[in-house]
Amino acid sequence: MLGRRGTLRFLVGPAYLWLILLFVAPLLLAVAISFRPEVGPIRFGDPWQLSLAQYQAITASPSWLRLLGVSIVMAFTVAAVASILAYPIAYFLAFRARERASLFLVLLLIPFATSFLLRVMAWKLLLGSNGAINSFLIWIGLIHEPISLLLYSQAAVILTLIYVWIPFAALPIYASLQRIDRSHLEAAADLGSGPWTRFARVTVPLSLPGLLATFFMVFIPTVGEYVTPSLVGGTGGIMYGNLIQDFFTRAGNWPLGSALAVIMLLVTLALVAIALRVVDLRRLAT
Amino acid sequence: MTTAPRRRSRGAVGVGHTRLPLGPAYAIMLALLYLPIVLLAVFSFNANTTLTFPLRGFTLSWYSAVFSDPALLGAARNSLVVGIAAATTATALGLAVTLAVLRFRFRGRRALLALAGAPLLVPFVVLGVALFLLFALLGVPRSLLTVAAGHSVVALPYASLILVARMIGLDPALEDAAMDLGASYPTTLRRVTVPLLGPSLLAAWLTSFIVSFDEVALANFLAGGSPTFPVFLYGQLRFAQQLPVLIAMAVLLMIGTVTLNLLVNRLRSQD
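Shown next, in the form of structure tokens:
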């Protein structure tokens, strides 16, 4: 029979083991490989040589780091716009929908649950030169030549990703608005503040942790995107993630790809750390 | 769904009573969210190989083609296998983390909780290449197993979050009572704690399954020669040969994931 201590070991052991083996170790491995000098795949047992060659190569090609900057700006735009557009949706659900809230929530869950690729795909088909928008406009006689600017651009990537993330962003904001104690709002009203003051001074500050968590839940997957750019971005819309993917698939330069991935990880974690200093996310748990 | 009994405000104190047309704004937003999906669904019934207007007439042939395409069906089966394996692993580990963190005092308690949530902070492309390197250097051939391993890690934060949220609301006295009556700790877990967590365990499992079933960025690095459905779809989309069939399949799977999501919503609102 297992005692309480034995049970604890049984609970903690496998979880730690799993996370260290499949999360911590691979990330450390990528860091280690980024300090190797080779240009190609690596085999277990290859002699170890510490080298900064990959990082030197990266600093020597400013276009790569510029692409990281572009990706951060794109992800920032997507996360900010998706969160802002999701906010009224969540607000409506939390404060205005009343007894119909669960119905409206279900309506929101359907696009949320629709396959990510299918939704990206939908925009590719909408925007393409043979796509639904162009063929529709030609069919009704509004235009005679397809507009080619719609697809394969940075704007197409940003637009598609905003669309993809809105339903996902609305849910945590909704949860944070729901947790707001309504008596705070009534107290503010009793003290004479109008609807806009209540919104700006009570509702928004109280939903800020949820808003920030939402922002990062969109920002982090978006900054590392390579799937959406490869489908709707063309050459003008590629992101830093496409670069990393390329060095692991086509180019097959693992150490350089690892160094690029390590830089992305460090930048992402730094941004999260900065945000955590601004807003205390632990308040979310209460 | 509802939290504390809500005081319905009246008159001038109207909480949430702005004059802004939030209802219509919500309707427009939903319409925009649905439009592309509905359009795809329409094209999956359209008798034309390209997705262009005007529509050419109603057909079910794309849907029947789905069931005679072994590669497509194989990919869907792979996704099912991976999803089940990843969800079961993530839920079991999430339950272990939840119980350890909320029912025990030990060194590294906060570290364990942070580690279980940390995969949310790592872009998938980074974790994807890192796991790719791990399996390549260890000589583990890429397969459904490696995809499931990766997915179990990225689903763990979701499973843990759902279970922790539920477990916080459970009175530890129920477990203490069972043990006072002579049940061993493992028996108490099996007979008291797990049944009390019931719907949340199912919600955690289904959420993990959905995360895995829809995931492409990580799986793309780890699938090797046996693609999951999103990886297969991603591979085919760039050289669209039989687009309507793929869309028909995606629409069919969408119906499945939407149903699962509604189920999760129902389960979690019971807590």
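Chains as they are written, first to last, in the working numbering: chain R, 1454 to 1739; chain S, 2 to 272. C-beta: ideal position from N, C-alpha, C; glycine also.
So is T1650 of chain R in contact with chain S if we call contact Cβ pairs under 8 Å?
no
Pick helix, strand or coil for N47 of chain S, following the three-state DSSP scheme.
strand
Assign P231 of chain S to buried or exposed, taking buried as 16 or more other Cβ atoms, counted over all protein chains shown, within 10 Å of its Cβ.
buried
Which stretch, first to last residue, makes up the alpha helix (DSSP H) that contains I85 of chain S?
P71 to R104
Go ahead and pull the three-state DSSP assignment for F107 of chain S.
coil
Could you tell me the boundaries of the alpha helix (DSSP H) in which E176 of chain S lies?
P173 to D181
Using a cut-off of 8 Å between C-beta atoms, extract the partners of A1468 of chain R located in chain S.
L94, A97, V98, A101, L113 and A117
Below 8 Å on the Cβ atoms is my guess for A1575 of chain R versus L40 of chain S; work out the distance and round it to an integer in Å.
6 Å
Using beta carbons (cut-off 8 Å, strictly below), is N262 of chain S in contact with chain R?
yes
Determine, using beta-carbon pairs with one atom in the stretch 163-171 of chain S and one in the stretch 102-114 of chain S, whether at least three such pairs fall under 8 Å.
yes
Please confirm whether S1711 of chain R and I1511 of chain R have their CB atoms less than 8 Å apart.
no
Classify R1551 of chain R: buried if its beta carbon has 16 or more other beta carbons within 10 angstroms, exposed otherwise.
exposed
Give the single residue among S:A160, S:V123, S:P22 and S:S227 whose Cα lies nearest to the Cα of L94 of chain S.
S:A160
Starting from the N-terminal side, write out each stretch of the alpha helix (DSSP H) that is 4 residues or longer and does not extend beyond the stretch 179-237 of chain S.
186-189, 195-214 and 220-223
Listing by chain order, which chain S residues have their CB less than 7 Å from the CB of T1460 of chain R?
Y186 and P187
Note down, in chain order, each residue of its chain lying with its Cβ closer than 8 Å to the Cβ of T1460 of chain R, except the 5 sequence neighbours on either side.
none
Using beta-carbon positions only, say whether S1683 of chain R and D215 of chain S come within less than 8 Å of one another.
no
Quick check: what's the CA-CA separation for L1709 of chain R versus A1513 of chain R?
13 Å
Are L219 of chain S and H152 of chain S touching if we call contact CB-CB under 8 Å?
yes
Since V1671 of chain R and V1531 of chain R are thought to touch, with beta carbons under 8 Å apart, how far apart are those beta carbons, to the nearest angstrom?
6 Å
When the distance is taken between beta carbons, is V1676 of chain R closer than 8 Å to A1528 of chain R?
yes
State whether the stretch 1681-1700 of chain R contacts the stretch 1605-1612 of chain R, with contact taken as three or more CB pairs (one from each stretch) at a distance under 8 Å.
yes
Candidates R:F1545, R:S1555 and R:L1722: closest to L21 of chain S by CA position
R:F1545
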